[in-house]
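Colleague: Before I ask anything, let me first share the structure, which is written out below as structure tokens.
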Amino acid sequence: MQFKQKIIVTLIFIAIAILTLVSTAVHLLTESWWFAAVGFESIFWQRIIWQVAIWLVTFTVFVGFLGFNYWLALKFTGDRRFRFLESNEFEPYTAKIANYTATLLIFLTSLTIANLSAAYWEQILQFFHASKFNRLDPIYQKDIGFYLFRLPLLDNLENCFLTLLISGSILAALVYVFKGTIRFDWQWKSLIVEDNWQKLLTKPIKVHLSFLLAAIALDIAVDFWLERYELLYSSQGVVWGADYTSTHARLLAFWVMIIASVLLGLWLIISTWSDKLQLPVYGIGIYAVVLILFNGIYPELQQRFVVEPNELAKEMPYIKHNIEFTRSAYDLDKIDTKDYQLNLAGNSNPNVQQENQATIDNIPLWDYRPLLTTYRQLQEIRFYYRFLDVDVDRYTLNGDYRQIMLSPREFDYSQVPSSAKTWVNRRLKYTHGYGLVMNPVNEVTTDGLPVLFVKNIPPVSQTDLAIKEPGIYYGELTQDYIYTGMNTAEFDYPRGDENAFTKYDGVGGVPIGNWLRKLAYAYDQGSLKILISNYFTPNSRIHYHRQISERVRHVAPFLQFDNDPYMVVVNGRLNWIIDAYTTSDRYPYSEAVAHEQKTELITDKNINYVRSPAKVVVDAKDGTMQFYVVDENEPVLNTYRKIFPNLFKGKDTIPPEIQAHFRYPQDLFKVQARMYLSYHMEDPQVFYNREDDWRFATELYNDQQQQVEPDYLIMKLPEETKEEFSLVLPFTPVNRDNMIAWMAARSDGDNYGKLSLYEFPKQELVYGPFQIAARIDQDPEIAQQITLWSQTGSRVIRGDILVIPIDGSILYVQPLYLRAAKGQLPELTRIIVSYDKQIVMTPSLSQSLAAVFKQVPTQLNPSINPATVDPPQQSALEIYQQAQQALQEGNWVEYGRYQQQLQDILQKSN
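Below, the structure written as structure tokens:
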């Protein structure tokens, strides 16, 4: 019976092992096919080979070392039996049970550590392909590349060896305890005073444990040696990085502990020649005292009695290091800082509008939030299409350089009715989204809606921009895998009461025309339908990893990617562009970007270095990926280029039509701007006192104060001769709302990646966006009109307040949108413009600009537009009747206008 049970148990374990191995092997096989299909097969196998090699080495070392220590412990206690099952019916089997248990522990421990160590493939490859930064740290004079590419592996190797030694020591100690050679019932007086240690441990056991403890002590010495470098990331001082106490007390303590650890290791080895067991105990005791005194008490005493009474004087050099290296880590030292020369009589220039016409012609009137709602109401066309986001870009259309907003029309399978959610529809029919919608940022129809340059299905273009391949098989909402090349047509787009169908003719996906691949994917996907369905043909393909952010991350997991991929139209095809970032948490003396809070880009609170040296272009139909280098000198990316020479394409290979759509990454700009709030101060004393801290400007949105988001604008920067596509963000002092400076990130041509900061004179008041919002609310006519709209049941939506530096002054523009209480279609109703202490609101940007630039008296109520003003002889009764008619029709804009006219007539009659 027992024999049968053993056979059953053994067969179960074998079956589990086989299933695990088969599942792993099949998944690796399908993944290799996928990487081959996208052209990166060599990258896949390089990663797998290194991971397998590291796993095997680690597993072998741990099994060998732990097994050797277990065997040695058994040998030294060969005359004793395991005691944990004494006086028990299983006592005859104690040796077998102990061996099985030890074997299982050794196997599980080795397996766990090996699985964890396989993740170190990246660090090992970085170690052997490290690039230099050509910049030395100020304490140890080592190149920054040592800290980013070599120190992490050394730290992990030391931890791995310490785990190995501790595991071996625990395993040996357990054997000695369970065999009774180590007992805990001895009297301490008998052990210490009477020197009866030999009754507790025999000499071979003492030698075994002493050598293990000596090895641990030597490993700890290595750990203290490596800990010296960790001081450069300390956050305990007045600034990030090593401070006075670290370099004078903790560094000394580490050297003392390095020497003490080595001496302890040697002492433990020497003590094996003596029969007295007090020697190791005394050595460990003295070591513990030294550790407490030098590593614990001494640094605290120096901080309290030496540093704190003279903190600024003591910390001055270290504050300088922190400022210098933080600015370098975030590329802040390359920001071109200039004074913005204010023209206090800005409207005195009669040609200001003509001289800045291109800037004015591209002022965005559409906020992405109400615009997205408008897109969804007008252009989703069917319930299963969805616009996820609105992107900002620029194109040359009909010869004009225009800023535009667009959104791809993706297929959202979750919106399909449950009755239609069949396997055929999900995998074979509903395979792709279709086309996009595009509008210029500055044009509005007479109904207050965007002028659509590209619209409808199939796409209809009002410009010379043609869309030849509208299918979106790879996007932001494409979460499911699909099949193409089947003997049934795919749904292409709705056409009246019918549907248009198509068959995929691209090169995307993995071919699955033979039975082996079908079998492998059936097992990997957990679905038999691929084996039994009659829809498959020799040309069938499976498409997966279709979500573009996940797709590029699958190829390059060592990069971080922007949260906002954006679509561009190039040569009639739809392409996604994703900004790729290199980051690290090992840059010496640099403060972590998310020290106090996380950002959209940085989720690891310790990240203290970031660059955007590459961009990925993903074809929306084929899913092909091109990794382009935009910064040839970035050391982290250059290290990965050495590791994966076939992954990245050089800067000189970027097609001009693709490069024309590169824009400075908004996530990176936010990170740099956040760090610049404090690190624009380069004087250590000013920095220490926080005399000039900034913050992001704020504005009102939905009646709540929030941070201003960076805006992409086509504008002419000060001292430049032509307009360019830039990302702009204003700053204010930390406790005030007036604007102190603004930053611009440039995106066009050779100026791509350049950052410029323009500071206002501190003695002059320049309104910030929140102050402009307050002035708008204080204007009686504007406030009265907004209140009137609200009272009639409509909802007023305020767009972003755009801050546009122009002609030595600041032009503020805020669009107002009106939405019926029960409606979902916002209409652009008014444009508020503020310039040179003037604030006007009219139905159009041109009228508002004419008013502020030319000093034209402008009536601010809704009747300003002559085309919409009723004849003055019109009676109050007629106006009242027309207002009631508009109210019944739900036309709140017209109702508000008639109410205002009626109010004017009544006031005049009084």
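With positions in the sequence shown counted from 1, the corresponding number in our numbering is that position plus 36.
Heads up, the beta-carbon is just placed ideally off N, CA and C, and yes, glycines get one too.
Since the model is a prediction, treat every value here as computed from it, not as a measurement.
Using alpha carbons as the reference points, say which of E668, D533, G542, P701 lies closest to I613.
Modeller: Position 577 of the sequence shown, counted from the start, is the residue given in the question as residue 613. The shortest C-alpha separation from I613 is found at P701.
Colleague: For the 8 Å Cβ check, are there 3 or more pairs between the region 654-668 and the region 63-83?
Modeller: yes
Colleague: Grab me the residues of L161's own chain with a C-beta within less than 7 Å of its C-beta, minus the 5 sequence neighbours each way, in chain order.
Modeller: The sequence position of residue 161 within the sequence shown is 125, counting from 1. Its chain contains W86, I679 as the residues whose beta carbon lies nearer than 7 Å to that of L161, once the 5 sequence neighbours on both sides are disregarded; these appear in chain order.
Colleague: Sort A89, G511, G542, Q850 by Cα distance to R866 and report the nearest one.
Modeller: The residue labelled residue 866 in the question sits at position 830 within the sequence shown. Ranking the options by Cα distance to R866, first place goes to Q850.
Colleague: Determine the direct distance from the alpha carbon of I440 to that of A780, and round the result to whole angstroms.
Modeller: Walking along the sequence shown from the start, residue 780 turns up at place 744. Walking along the sequence shown from the start, residue 440 turns up at place 404. Each residue's Cα considered, the two are about 19 Å apart.
Colleague: If you reduce the DSSP assignment to three classes, tell me which class K687 lands in.
Modeller: Counted from its first residue, the sequence shown places residue 687 at position 651. In the three-state reduction of the DSSP assignment, K687 falls in the helix class, which pools H, G and I.
Colleague: Quick one: what does DSSP say W24 is sitting in, helix, strand or coil?
Modeller: A query on residue 24 cannot be resolved here, the shown segment of the chain reaching from 37 to 946 and no further.
Colleague: Have a look at V905 and I915 and give me their C-alpha separation to the nearest angstrom.
Modeller: Here residue 905 refers to the residue found at position 869 of the sequence shown. Here residue 915 refers to the residue found at position 879 of the sequence shown. Residue placement at V905 cannot be trusted, given a pLDDT of 31 that sits under 50; what the coordinates show is reported in the next sentence. Whole-angstrom Cα-Cα distance: 11 Å.
Colleague: How long is the line joining the alpha carbons of W291 and I256, rounded to whole angstroms?
Modeller: Numbered from its first residue, the sequence shown carries residue 291 at position 255. Numbered from its first residue, the sequence shown carries residue 256 at position 220. About 12 Å.
Colleague: Who does Q439 pair with in a DSSP beta bridge?
Modeller: Here residue 439 refers to the residue found at position 403 of the sequence shown. Beta-bridge analysis with DSSP links Q439 to R430.
Colleague: For the region 40-91, which segments carrying the alpha helix (DSSP H) assignment without a break, of at least 4 residues, lie completely within its bounds, in sequence order?
Modeller: As far as the region 40-91 is concerned, it has no whole alpha helix (DSSP H) run of at least 4 residues.
Colleague: To the nearest angstrom, how far is the alpha carbon of Y470 from that of V426?
Modeller: Taking the first residue of the sequence shown as 1, we reach residue 470 at position 434. Taking the first residue of the sequence shown as 1, we reach residue 426 at position 390. One C-alpha to the other measures close to 16 Å.
Colleague: By the three-class DSSP mapping on this structure, what secondary structure does L172 have?
Modeller: As a position in the sequence shown, residue 172 is number 136, starting the count at 1. Looking at L172 - three-state DSSP - the assignment turns out to be strand.
Colleague: Determine the extent of the beta strand (DSSP E) in which N331 is found, giving its start and end residues.
Modeller: On the sequence shown, position 295 is the one that residue 331 refers to. Counting along the chain, no beta strand (DSSP E) covers N331, and no H or E run does either.
Colleague: With distances taken Cα to Cα, identify the nearest neighbour of L947 among Q561, W730, L861, Y617.
Modeller: Since the displayed the chain opens at 37 and closes at 946, residue 947 lies outside it and no answer follows.
Colleague: Tell me which residue opens and which closes the alpha helix (DSSP H) that L288 is part of.
Modeller: The residue given as residue 288 occupies position 252 in the sequence shown. That run of the alpha helix (DSSP H) goes 287-306.
Colleague: Taking N398 and R438 to be in contact with their CB atoms under 8 Å, please state how far apart those CB atoms are, rounded to whole angstroms.
Modeller: Within the sequence shown, the letter at position 362 stands for residue 398. Within the sequence shown, the letter at position 402 stands for residue 438. Their Cβ separation, rounded to whole angstroms, is 7 Å, which keeps N398 and R438 in contact under 8 Å.
Colleague: Answer yes or no: the CB of W70 versus the heavy atoms of the ligand FAD, is any distance below 7 Å?
Modeller: Because no ligand of any kind appears in the structure shown, any question about the ligand FAD cannot be addressed here.
Colleague: Could you compute how far the alpha carbon of T757 sits from the alpha carbon of M751?
Modeller: Residue 757 sits at position 721 when you count from the first residue of the sequence shown. Residue 751 sits at position 715 when you count from the first residue of the sequence shown. For T757 and M751, the distance between alpha carbons rounds to 10 Å.
Colleague: Please classify A289: is it buried, with 16 or more other beta-carbons within 10 angstroms of its beta-carbon, or exposed?
Modeller: The residue you call residue 289 lines up with position 253 of the sequence shown. Buried: at least 16 other Cβ atoms inside 10 Å.
Colleague: Between D728 and M717, which are expected to be in contact by the criterion C-beta below 8 Å, what is the C-beta distance as a whole number of angstroms?
Modeller: Along the sequence shown, one-based indexing puts residue 728 at 692. Along the sequence shown, one-based indexing puts residue 717 at 681. Confirmed, Cβ separation roughly 5 Å.
Colleague: Just to confirm my understanding: we take I822, look at its own chain, exclude 5 residues before and 5 after, and list those with CB closer than 6 Å. What are they?
Modeller: Here residue 822 corresponds to residue number 786 of the sequence shown, with the count starting at 1. Excluding sequence neighbours, I822 sits near V832.
Colleague: Can you pull the DSSP bridge partners for H579?
Modeller: Stepping through the sequence shown from its first residue, residue 579 is reached at position 543. I518, per the DSSP bridge assignment.
Colleague: Assign V888 to one of three DSSP states: helix, strand, or coil.
Modeller: As a working note, residue 888 is residue 852 in the sequence shown. Reduced to three states, the DSSP call for V888 is helix.
Colleague: Tell me whether A456 sits in a helix, a strand or coil according to DSSP, three-state version.
Modeller: Residue numbering aside, residue 456 sits at position 420 when the sequence shown is read from its first letter. Helix, per DSSP.
Colleague: Cβ atoms of A556 and L567: under 8 Å apart, would you say?
Modeller: Position 531 of the sequence shown, counting from 1, holds the residue named residue 567. Position 520 of the sequence shown, counting from 1, holds the residue named residue 556. No.
Colleague: The alpha helix (DSSP H) with D560 in it runs from where to where?
Modeller: Sequence index remark: in the sequence shown, residue 560 carries index 524 (1-based). Going by DSSP, D560 is part of the alpha helix (DSSP H) stretching over 551-561.
Colleague: DSSP puts N475 in a beta bridge; with which residues?
Modeller: Walking along the sequence shown from the start, residue 475 turns up at place 439. Answer by DSSP bridge pairing, in chain order: M441.
Colleague: Quickly, what does DSSP pair N611 with across the bridge? List them, please.
Modeller: The residue you call residue 611 lines up with position 575 of the sequence shown. According to DSSP, which records beta bridges pairwise, N611 is partnered with D655.
Colleague: Should the region 836-843 be called in touch with the region 802-812, which here means at least 3 C-beta pairs below 8 Å?
Modeller: yes
Colleague: Which residues in the same chain as R647 place their Cβ atom closer than 6 Å to its Cβ, once the five residues preceding and following it in sequence are excluded?
Modeller: The count along the sequence shown starts at 1 and reaches residue 647 at position 611. Within the same chain, Cβ atoms closer than 6 Å to the Cβ of R647 are found at T618, E670, the five residues on either side in sequence being excluded.
Colleague: From I43 to Y136, what distance separates their C-alpha atoms?
Modeller: The residue you call residue 43 lines up with position 7 of the sequence shown. The residue you call residue 136 lines up with position 100 of the sequence shown. Cα to Cα, the separation comes out at about 16 Å.
Colleague: Which whole-angstrom value describes the C-beta separation of N523 and Y571, a residue pair presumed to lie in contact below a C-beta threshold of 8 Å?
Modeller: To locate residue 523, count along the sequence shown from 1; it is residue 487. To locate residue 571, count along the sequence shown from 1; it is residue 535. Contact flag correct, Cβ pair sits at about 6 Å.
Colleague: One question on the structure: do P649 and L683 come within less than 8 Å of each other, judged by their Cβ atoms?
Modeller: Translated into positions along the sequence shown, residue 649 becomes position 613. Translated into positions along the sequence shown, residue 683 becomes position 647. No, these two residues do not count as a Cβ contact at 8 Å.
Colleague: Checking the sheet assignment: what are the DSSP bridge partners for K374?
Modeller: Taking the first residue of the sequence shown as 1, we reach residue 374 at position 338. In DSSP, K374 forms a bridge with Y794.
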